[in-house]
Amino acid sequence: MSLPRLAAFYWPRLRAADRDDVRAAGMGHGLDPEGITITPLMDMVLGFLYQSIPRPPVSASASLSAAAATGDGGGDDRISLLPDDILRAVVSRLPAKDGARTSVLSSRWRRLWRSTPLVLVDTHLLLRRGGGRPARVGAASRAVADAVSRVLEAHPGPFPFVSLSCSFIGDDAQRGVAARWLDLLAAKGVEHLVFVNRPCPLPGVTLPAALFNCSSLRRLYIGSWELPDTASIPLPRAAAAAAFPNLRELVLGCVVMVDGDLPFLLAASPALETLAVFGILNTLRARLSSGSLRCAQFCLSFMEEVAVLDAPRLERLFLWRNIKNTRVKIGHAPQLRMLGYLQPGVHQLEIGNTIIKARTIVRPGTTVPSVNMLALHLHFGVRNEVKMLPSFLRCFPNVETLCVESEEAPGRTSNIDVNFWQEAGPIECVQSHLKMMILREFQGEESELSFLKFVGENARVLEKMVIVMKLGRYSAPEEVAAKVMDLQSAKWAREGNKLGFLISRLRAGGSAWSLRDGTDLSCDDPFMCL
1 MSLPRLAAFY WPRLRAADRD DVRAAGMGHG LDPEGITITP LMDMVLGFLY
51 QSIPRPPVSA SASLSAAAAT GDGGGDDRIS LLPDDILRAV VSRLPAKDGA
101 RTSVLSSRWR RLWRSTPLVL VDTHLLLRRG GGRPARVGAA SRAVADAVSR
151 VLEAHPGPFP FVSLSCSFIG DDAQRGVAAR WLDLLAAKGV EHLVFVNRPC
201 PLPGVTLPAA LFNCSSLRRL YIGSWELPDT ASIPLPRAAA AAAFPNLREL
251 VLGCVVMVDG DLPFLLAASP ALETLAVFGI LNTLRARLSS GSLRCAQFCL
301 SFMEEVAVLD APRLERLFLW RNIKNTRVKI GHAPQLRMLG YLQPGVHQLE
351 IGNTIIKART IVRPGTTVPS VNMLALHLHF GVRNEVKMLP SFLRCFPNVE
401 TLCVESEEAP GRTSNIDVNF WQEAGPIECV QSHLKMMILR EFQGEESELS
451 FLKFVGENAR VLEKMVIVMK LGRYSAPEEV AAKVMDLQSA KWAREGNKLG
501 FLISRLRAGG SAWSLRDGTD LSCDDPFMCL
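Using full-length UniProt numbering, the letters of the sequence shown correspond one by one to residues 1 to 530.
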């Protein structure tokens, strides 16, 4: 295969999780309370949390204007002439405070407001100062909390979408208010609930157990809370009477939890399909047993272990930027298709009852044949990580899309034997199934080039190889061409491959991930490969 004379450069789309100023996302939810110290790590986690909050189905820019409905500006109230069904549709698209204002127009409008399913987003209630910044949490936070209480008490429901993310709940009285909110939401049929404390979980400030009475929930996003003692919460025996019989999506962000909480939540949610856990800053072991779960992701957390014990419908398992050498165990997961980011030499991979080591002999019990999209993260300058790479690849014999994220090794690098890949032996996924190969954050190391040559010379069905250059590493296309010139001398296993180059928009050492894309089962490219 010959290299193109001039590679095409363009900027790949930038994921929200990788913007430089992650904290800006939190500004829309009120400023942090004074006197609370937030570490840089917590700041990053909180930014990730606020950027991942589901978008509400109504906009704060929506408004209701009777005058706008008049054709001649004469002040005729033509809106009130519309039938009730249309007026309910209008009110349902308004922010809660504007919808409530319609109830003062007349008894008919008051009846319409009370009979319309209500979307409640507390950020729409924030008072803002100059420049659009929300007022300092304190009096403003209490004002928002009071407004939320009034709406929940006055409206009979149902509440299809409720987002509460800008109130600071730090003492028993405030926690009592939060418990009352949850009691009202449980009674009035909340379906989608975002419940985030400001700004981070405080010791002893636990999530009210009243949450487990919200049996109508379909989507639940919990942030900045300490979970209650789930061992003391009784669960019904019958799945039909479970705490969350309708819950399809569960997101736990920046929460304090213990090992037993996750099995409890899975048992309480017999229909759960997507699970996302991030920002867990205490050591956690996650063990997954669920007959309904299709997607699980763990990000920015101290994960000691992620074990898939029995998940017959699991299709996706994602681990991103966790802060511990995690044990990853894959047991019964016959439909697992997407897996990443595994870290050879850092993660301890166990398949069945076998711990994968360098030169582990491949047999049916040590492979996951269902995986066809695999993402890896490693330092090509660290010998132990490179030595584990062939063993990891052999565990997934049917991979068609391989995304390898390279990171510059900290400190001194290890010398990799120049003949390492020539002596690595056959790897089934590379030889027989690999169609798309992406190396992201290319550092220009010889070890990276040796691996790319190995893939090019052995991948018989490879259709495309993409090298994403590290931002700021090279100043001109000529430097890129010089670095990858060795690839031109390789004897490619398949003629007609396309080799392309991109320039990363991520900051040095960056990584791309989107919590939303990870939980979106319709997204076929969560690793930003295609």
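Virtual Cβ for every residue (Gly too), placed ideally from N, Cα, C.
Query, Result
"Collapsed DSSP secondary structure at W513 in the structure displayed", "coil"
"Nearest to A490 (by Cα), restricted to the options L521, G456, A482 and V466", "G456"
"Presumed contact (8 Å Cβ cut-off) between A286 and F298, rounded CB distance", "6 Å"
"Inter-residue Cα distance where the pair is N398 and L126", "52 Å"
"Top-ranked residue by Cα proximity to T367, from E428, C403 and L376", "E428"
"Q297 - DSSP class collapsed to helix/strand/coil", "strand"
"One or two residues paired with S289 in a DSSP bridge", "D310"
"Cβ pair S165, V194 closer than 8 Å", "yes"
"Simplified DSSP assignment, three categories, for H347", "coil"
"Delimiting residues of the alpha helix (DSSP H) encompassing residue 536", "Outside the shown range of the chain (1 to 530) lies residue 536, about which nothing can therefore be said."
"Assigned exposure category for M485 - 16 Cβ within 10 Å defines buried", "exposed"
"Whether L281 touches L272 by CB criterion (8 Å)", "no"
"Assumed close pair L349, V371 - CB separation to whole angstroms, cut-off 8 Å", "That pair is no contact at about 12 Å."
"S406: first and last residue of the uninterrupted beta strand (DSSP E) it sits in", "T401 to S406"
"Cβ contact check for the stretch 207 to 215 and the stretch 182 to 189: 3 or more pairs under 8 Å", "yes"
"Reduced DSSP secondary structure (H/G/I, E/B, other) of A66", "With a pLDDT of only 45 at A66, under 50, the local geometry of the prediction cannot be trusted, and the value read off the model is given with reservation. Correct three-state label for A66: coil."
"Sequence ranges, alpha helix (DSSP H) only - wholly within the stretch 143 to 217, length at least 4", "172 to 187"
"Buried versus exposed call for K387 [16 or more other C-beta atoms within 10 Å across all chains shown]", "buried"
"D72 versus L152 - alpha carbon distance", "Note that D72 scores a pLDDT of 48, beneath 50, so its modelled location is shaky and nothing firm can be said."
"Backbone CA spacing between V466 and S406 [nearest angstrom]", "13 Å"
"Buried versus exposed call for A375 [16 or more other C-beta atoms within 10 Å across all chains shown]", "buried"
"Cβ separation of G331 and R313, assumed to be a contact under 8 Å, to the nearest whole Å", "Contact doesn't hold; Cβ gap of about 14 Å is too wide."
"Rounded C-alpha distance that separates G204 from D259", "18 Å"
"Cβ pair count under 8 Å reaching 3, the stretch 301 to 310 against the stretch 319 to 337", "yes"
"Supposed close pair L434, E400 - CB separation, criterion 8 Å", "6 Å"
"Close-in-space but distant-in-sequence residues of the same chain around P344 (CB under 6 Å, 5 per side omitted)", "L378, E385, M388, L389 and F392"
"Cβ-based burial, residue 531 [other Cβ within 10 Å; buried from 16]", "A question about residue 531 goes unanswered here, because the residues of the chain that appear run from 1 up to 530."
"Those residues which DSSP pairs with Y221 across a bridge", "V194 and V251"
"Top-ranked residue by Cα proximity to K357, from T123, V119 and C395", "C395"
"Own chain residues within Cβ distance below 6 Å of D520, not counting five before or after", "none"
"Euclidean distance between Cα positions of Y50 and T39", "16 Å"
"Beta-carbon proximity check, S447 vs F527, cutoff 8 Å", "no"
"DSSP three-state assignment for R359, whether helix, strand or coil", "coil"
"Alpha carbon of T206 to alpha carbon of M44, nearest angstrom", "22 Å"
"Short Cβ contact (8 Å threshold) for C523 with I438", "no"
"Identity of the residue in A276, R294, V308 and G170 nearest W320 by Cα", "A276"
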